[in-house]
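Residue numbers (numbering that gives the first Met the number 0), protein chains in the order written: chain S, 0 to 670; chain W, 0 to 670. The structure appears right after this line, and notes come after that.
There are 2 protein chains.
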Amino acid sequence: MPQSSLEQLSVDTIRTLSMDAVQKATCGHPGMPMGMADAAYVLWTKFLRHDPKDPKWFDRDRFVLSAGHGSMLLYSLLFLTGYNLSLDELKQFRQWGSKTPGHPEYGLTEGVETTTGPLGQGFATGVGMALAEAHLAEHFNQPDHKVVDHYTYGIVSDGDLMEGISHEAASLAGHLKLGKLIYLYDNNHISIDGNTQLSFTEDVIARFKAYGWHTQSIDGHDRKAVEEAINEAQSVYDKPSIIACRTHIGYGSPNKHDSAAAHGSALGEDEVRLTKKNLGWDPDKHFYVPEEVKKHYEEAIQRGREWNSEWKQSLAVYRDVYKEEAAEFDHVLSGKLPEGWDKDLPVFPADAKGSATRKASGKVLNVLRDRIPNLIGGSADLTPSNNTYMEGTAEVDAGKYDGRYVHYGVREHAMSAALNGMTLHGGVIAYGGTFMIFSDYARPSLRIAALCEIPTIFVYTHDSIGLGEDGPTHQPIEHLMALRAMPHLHVVRPADANETTFAWKHALQRKNGPTALILTRQNLPVYEQTANGAAADLEKGAYILQDAPNGDPKVILLSTGSEVSIAMEAWQKLSDEGIPARVVSMPCWKLFEAQDKSYRDKVLPPAVKARISIEAGATLGWYKWIGENGVAIGLDHFGASAPYKEIYEGFGITAEHVVEAAHQLTEVVSK
Amino acid sequence: MPQSSLEQLSVDTIRTLSMDAVQKATCGHPGMPMGMADAAYVLWTKFLRHDPKDPKWFDRDRFVLSAGHGSMLLYSLLFLTGYNLSLDELKQFRQWGSKTPGHPEYGLTEGVETTTGPLGQGFATGVGMALAEAHLAEHFNQPDHKVVDHYTYGIVSDGDLMEGISHEAASLAGHLKLGKLIYLYDNNHISIDGNTQLSFTEDVIARFKAYGWHTQSIDGHDRKAVEEAINEAQSVYDKPSIIACRTHIGYGSPNKHDSAAAHGSALGEDEVRLTKKNLGWDPDKHFYVPEEVKKHYEEAIQRGREWNSEWKQSLAVYRDVYKEEAAEFDHVLSGKLPEGWDKDLPVFPADAKGSATRKASGKVLNVLRDRIPNLIGGSADLTPSNNTYMEGTAEVDAGKYDGRYVHYGVREHAMSAALNGMTLHGGVIAYGGTFMIFSDYARPSLRIAALCEIPTIFVYTHDSIGLGEDGPTHQPIEHLMALRAMPHLHVVRPADANETTFAWKHALQRKNGPTALILTRQNLPVYEQTANGAAADLEKGAYILQDAPNGDPKVILLSTGSEVSIAMEAWQKLSDEGIPARVVSMPCWKLFEAQDKSYRDKVLPPAVKARISIEAGATLGWYKWIGENGVAIGLDHFGASAPYKEIYEGFGITAEHVVEAAHQLTEVVSK
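So, in structure tokens, the structure goes:
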């Protein structure tokens with residue numbers, strides 16, 4: 000078979016597999032895989048350095064399908080090039096328990112580099128991957144020994160480029176001159192509502208030029224043009240590249256080509272037949288893969304094995320020549336924390352005046368700086384407020400990737416996705432900070448971290464009305480609950496400096512999900528480590544910080560973060576009155592929920608029904624812990640602009656109010 | 000005093016007032032007001048058509064301070080031009096109970112057109128205001144009778160332009176060619192982390208050109224240049240305008256000029272003195288307003304009165320000449336719903352097969368189309384899925400603003416802010432749809448609606464695992480709780496088609512806050528309207544949909560939306576077993592919380608402790624209603640990609656599971 004026919008057959012195999020899988024599921028998105036089959040074929044057979052039999056090979060090119068709805072494109076390619084994904088799995092597209100869900104899911108399907116579907120996420124995640132690559136390359140590579148040297152490719156859609164996160168991420172990538180980031184833009188002129196002329200008429204190419212990207216526009220069905228464009232993109236070292244590929248959605252379908260109808264629905268049995276005929280295929284064959292096509296795609300296995308093995312050989316030489324660097328590199332690749340990483344972490348002495356947990360966090364980071372050399376920090380333009388900077392570390396900038404601190408700009412969303420991308424890439428441990436209120440700007444990326452079950456670390460300071468005068472627009476109220484509601488995300492709100500140390504320990508040791516550290520702007524007392532419990536118990540989610548003298552409380556005060564100090568003050572007042580009380584610090588609900596019943600009952604004895612929660616935020620979720628007799632002291636309304644102590648006073652988040660509630664409760668309960 | 004000196008004195012008065020107020024508060028943002036004083040002076044004295052004594056005059060120019068941290072700029076101008084804001088209020092900047100909070104708050108301070116502070120929000124809100132103006136202008140204006148004819152101005156910052164929402168909104172405004180939108184960009188090269196070179200090096204002007212904007216770059220301290228630029232911007236009818244004003248943050252401060260130190264902290268007593276000296280002011284005077292300056296600014300009162308009165312005269316003539324149009328215009332201005340707007344709203348007969356609530360919503364909208372002529376719909380590129388299109392209505396597009404349906408593109412965040420802007424502008428009732436999962440992309444704008452207490456309507460379809468095969472990336476889990484946690488936002492999740500009708504009634508009648516309508520993709524039964532309660536009771540937040548035969552239930556099943564059908568199925572099974580059960584539909588928790596105790600106790604009798612909640616989402620908040628003995632059937636993990644019935648089955652959100660829980664509970668409780 001002549002090469003050109005084999006190529007065509009190979010491309011059309013993606014089309015027919017995608018059509019068939021969507022048709023069998025009776026739902027899905029056939030149009031995009033059909034439209035981008037040519038470009039994806041070129042990328043995957045002529046450029047992508049990967050090893051299907053070792054999908055986690057560290058120096059592989061990363062491929063991100065930002066337009067995740069076109070999942071059948073990726074599944075087809077993974078199956079065809081020899082990944083651990085069978086044709087039977089393709090037949091189970093979108094079915095319960097399959098490896099081929101509606102949108103690609105990281106961790107479920109080998110070769111899927113990140114979970115995509117929510118538009119713009121893949122785009123921004125890829126920027127983080129490219130940044131991680133640039134950082135590790137500059138840090139580890141030596142003349143003639145490039146142990147990190149790969150591209151990050153992606154396919155992005157109109158929808159990706161309409162989403163705000165694409166702007167943030169593109170502006171950041173352009174600023175950082177991430178030359179090894181190459182995106183193919185599926186410029187098909189069609190979105191769900193119809194032609195993109197309906198709403199999307201910006202000059203995309205000019206926009207990306209303005210961001211400092213290298214730009215090209217080509218016919219996305221002209222495979223030669225695609226090849227040349229990727230070659231040219233690779234030749235530009237100091238600019239990320241976008242290649243606008245003019246394509247036709249549903250390519251090959253006589254009636255749905257160039258139509259929104261091809262986007263999100265099965266073509267229909269008849270149209271599938273017509274399309275196959277149109278492509279010169281047997282309409283009676285389903286999930287048909289010509290022998291020679293499979294063989295052709297599977298050349299990837301041999302190529303991958305060779306690349307991988309060359310890299311391993313090169314690494315072996317590197318280990319000989321650059322012993323120290325290689326030891327560090329091997330360690331970084333292991334994904335483990337360095338031996339003794341947590342010794343010297345600060346222990347803060349009890350101190351009534353205390354310090355803000357954001358400041359304690361800064362102190363922890365300044366110790367971690369030397370203990371964890373691949374820890375990379377950053378902030379969305381709130382560095383001095385977030386206390387996220389590790390003193391003395393170099394800053395990452397264009398062409399200076401070996402730094403360990405990233406100025407993300409006022410781009411919370413792109414920062415969060417980039418943190419995910421760095422975490423997914425591996426080799427670095429990434430955290431980034433912003434004000435907690437702005438977690439709202441980044442929730443879709445937090446959710447991707449949670450879906451991927453990756454340990455991205457989000458640092459959120461200025462966590463309540465305690466931030467004071469900036470007022471309601473900047474004071475989180477609903478955010479703690481809104482974050483707690485997200486599966487897999489550990490929301491950790493330490494009560495003092497020592498809990499902050501253990502909060503960082505938890506976040507860094509966690510392997511299977513993201514952590515949000517919730518820190519104060521204002522000073523908090525540092526507590527004595529009691530016999531009953533100490534900050535180390537943060538790992539249990541909740542613990543007895545201060546107990547009734549006889550260990551038999553009449554009332555339990557449950558609290559987190561800054562309000563623990565109010566609980567402690569109330570405890571003192573109640574003690575003075577002879578009312579035995581217990582203070583429970585609950586820095587992380589999910590961790591507490593994961594404890595066995597005996598521990599939970601020890602901390603919150605079922606018999607003690609008089610319970611008061613104190614937290615400067617929405618009370619919504621507290622009833623789980625305080626029960627129907629409990630009193631939730633919190634804020635189910637917005638904050639105010641004033642010095643913070645006045646706000647606490649004005650809204651009744653005070654020890655006096657707690658004591659009052661305790662009186663009422665102990666009366667009620669003792670009746 | 001020569002005009003030029005008076006001008007300078009007037010500009011410097013903004014500077015000194017801002018410095019003094021921030022210094023008195025010992026915190027705040029002096030740098031921006033000092034830097035933008037010149038440009039703002041020109042805009043407010045030479046262009047802005049407003050009436051300080053009638054701040055709600057309908058045809059006023061709208062002014063949005065997107066860089067809300069520079070609130071003292073706005074407060075200074077409001078005070079100086081004669082709004083109801085005293086010098087004493089300026090002295091109370093950032094204090095409890097003042098009208099001068101850290102960031103401008105709509106509804107609190109006259110003349111503040113929207114709440115700003117979270118960056119990018121004002122930018123996108125202004126786009127909505129300009130769209131509302133364009134729509135009403137095209138709809139109502141007649142040759143020689145322009146009853147709607149004003150500009151929307153804004154001041155935007157580096158931070159605004161870094162945020163993704165600015166991209167979405169700018170792309171949309173460029174697409175729509177909103178020529179009467181004019182933004183001054185405070186191009187001061189400084190953000191919190193330092194020089195914008197650290198992270199923000201895109202070519203902003205080229206970027207906005209790519210969006211189809213008219214662009215200019217000027218010296219922002221050259222007032223003549225500002226004047227000319229605004230004149231030129233006004234002369235361009237078919238493009239929104241951005242004028243990049245190169246300014247110096249902290250202008251006038253000898254030591255903090257051009258420094259990040261001037262951004263977010265008081266200058267310090269000494270530097271305030273030095274700055275005043277530098278500006279030729281008496282350093283011993285605080286909050287000093289030269290007589291002639293006050294007089295000069297207060298010319299705005301006379302000008303405003305005249306403009307307003309000319310407009311009223313013109314409107315009077317319009318009323319004579321265009322009686323029908325004027326009647327409609329007056330009605331629209333009243334903000335009231337038309338007489339009989341809710342007659343003919345669909346009443347759906349009981350039907351086991353039923354329909355999706357998104358479809359019922361579409362039917363309601365098709366009736367409202369004729370009843371509420373100023374209802375303007377839209378979707379973020381999910382029109383056919385959201386069922387948001389009112390059949391037969393014209394679509395809004397560039398130069399065709401009289402339509403009633405907006406294709407927002409894949410821009411959930413900008414759409415939401417634009418909906419706020421339209422709502423704030425007045426004259427239209429705006430709603431927009433997307434998938435519920437994508438509410439996460441727009442939370443900051445939802446929060447602005449909640450903070451402003453304005454009745455923006457958000458339509459969220461595909462509200463759970465019930466959307467099926469698109470899988471976990473598209474299935475809301477935590478979203479219901481995350482939205483419920485937000486103050487003022489009414490989250491309404493109707494259980495069937497009839498509740499959907501009443502959900503719309505509620506949203507449209509609400510005046511003091513936004514509503515999110517949470518709708519299914521999948522079909523739901525339509526229920527009989529029972530003797531105990533009917534869909535009309537949605538207004539009470541929760542009601543008894545199906546009671547135990549004797550009205551004395553042993554177990555209460557609480558549910559919302561699609562899971563009510565599971566509760567009903569369980570009710571039947573329990574009834575068959577002779578276990579008296581009650582089904583409570585709880586479409587809106589906040590409305591239920593607002594009922595008096597007797598109603599709440601009637602629906603949820605305190606004596607009945609056996610309670611089960613059934614909702615396909617995070618269980619976090621349910622314990623408030625089901626108490627400590629209750630069982631929460633829900634999803635505290637992500638969804639799955641499969642046909643939706645299999646997902647419900649697989650995750651145990653089934654009537655069988657409810658019955659099982661009821662057995663256990665009634666045993667426990669009866670012990």
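Beta carbons are placed, not taken as given, at the ideal position from N, Cα and C, and that holds for glycine.
Test item: CB-CB of residue i and residue j under 8 Å
i, j, result
"isoleucine 248(S)", "methionine 71(S)", "no"
"leucine 466(W)", "arginine 520(W)", "yes"
"tyrosine 150(S)", "isoleucine 181(S)", "yes"
"asparagine 419(S)", "isoleucine 375(S)", "no"
"serine 463(W)", "arginine 93(S)", "no"
"threonine 246(W)", "methionine 35(W)", "yes"
"proline 100(W)", "glycine 649(S)", "no"
"isoleucine 652(S)", "isoleucine 632(S)", "yes"
"valine 427(S)", "methionine 421(S)", "yes"
"valine 490(S)", "leucine 507(S)", "no"
Three-way DSSP call (helix, strand, coil) for residue i in this model
i, result
"glutamine 2(W)", "helix"
"proline 32(S)", "helix"
"phenylalanine 328(W)", "helix"
"isoleucine 578(W)", "coil"
"histidine 138(W)", "helix"
"asparagine 194(S)", "strand"
"glutamine 521(S)", "coil"
"asparagine 186(W)", "strand"
"lysine 399(S)", "strand"
"leucine 171(S)", "helix"
"histidine 412(W)", "helix"
Residue closest to residue i, alpha-carbon to alpha-carbon, out of the options
i, options, result
"arginine 410(W)", "Gln663(S), Asn83(S), Asp159(S), Gly67(S)", "Asp159(S)"
"aspartate 58(S)", "Gly303(S), Gly81(S), Val288(S)", "Gly303(S)"
"serine 415(S)", "Leu273(S), Gly377(S), Asn522(S)", "Gly377(S)"
"arginine 206(W)", "Lys23(W), Asn187(W), His166(W)", "His166(W)"
"lysine 179(W)", "Thr559(W), Lys358(W), Ile241(W)", "Ile241(W)"
"valine 395(W)", "Ala131(W), Glu109(W), Pro1(W), His68(W)", "Ala131(W)"
"arginine 509(W)", "Ile517(W), Lys335(W), His220(W)", "Lys335(W)"
"threonine 455(S)", "Glu576(S), Arg483(S), His424(S), His213(S)", "His424(S)"
"proline 388(S)", "Gly398(S), Arg357(S), Ala496(S)", "In the sequence under discussion, the amino acid at residue 388(S) is tyrosine, which differs from the proline named in the question. Comparing Cα positions, the closest option is Arg357(S)."
"proline 117(W)", "Glu309(W), Pro239(W), Val155(W)", "Val155(W)"
"threonine 618(S)", "Trp624(W), Glu614(W), Gly163(W)", "Trp624(W)"
"valine 10(W)", "Ala38(W), Gly27(W), Ala349(W)", "Ala38(W)"
"threonine 665(S)", "Tyr643(S), Lys644(S), Gly550(S), Asn628(S)", "Asn628(S)"
Supposed close pair residue i, residue j - CB separation, criterion 8 Å
i, j, result
"leucine 603(W)", "valine 583(W)", "7 Å"
"threonine 108(S)", "valine 63(S)", "Not a contact, Cβ separation roughly 14 Å."
"proline 337(S)", "isoleucine 371(S)", "6 Å"
"glycine 391(W)", "alanine 449(W)", "About 33 Å separates the two Cβ atoms, so there is no contact after all."
"glutamate 137(S)", "tyrosine 321(S)", "Not a contact, Cβ separation roughly 14 Å."
Residue i CB to nearest heavy atom of the ligand NAD below 7 Å
i, result
"glutamate 227(S)", "The ligand content of the structure shown is nil, which means the ligand NAD is not present either."
CB contact check: residue i to chain B, cutoff 8 Å
i, result
"methionine 161(S)", "Among the protein chains of the structure shown, namely S and W, there is no chain B."
key: Stretch-stretch touch, CB-based, cutoff 8 Å, three pairs: the segment 139-148 of chain W with the segment 314-324 of chain W   = Flag = yes, the segment 139-148 of chain W and the segment 314-324 of chain W touch.
ask   = Three or more beta-carbon pairs under 8 Å between the segment 189-208 of chain W and the segment 230-237 of chain W, yes or no?
value = No: the two stretches stay apart, fewer than three of their Cβ pairs being nearer than 8 Å.
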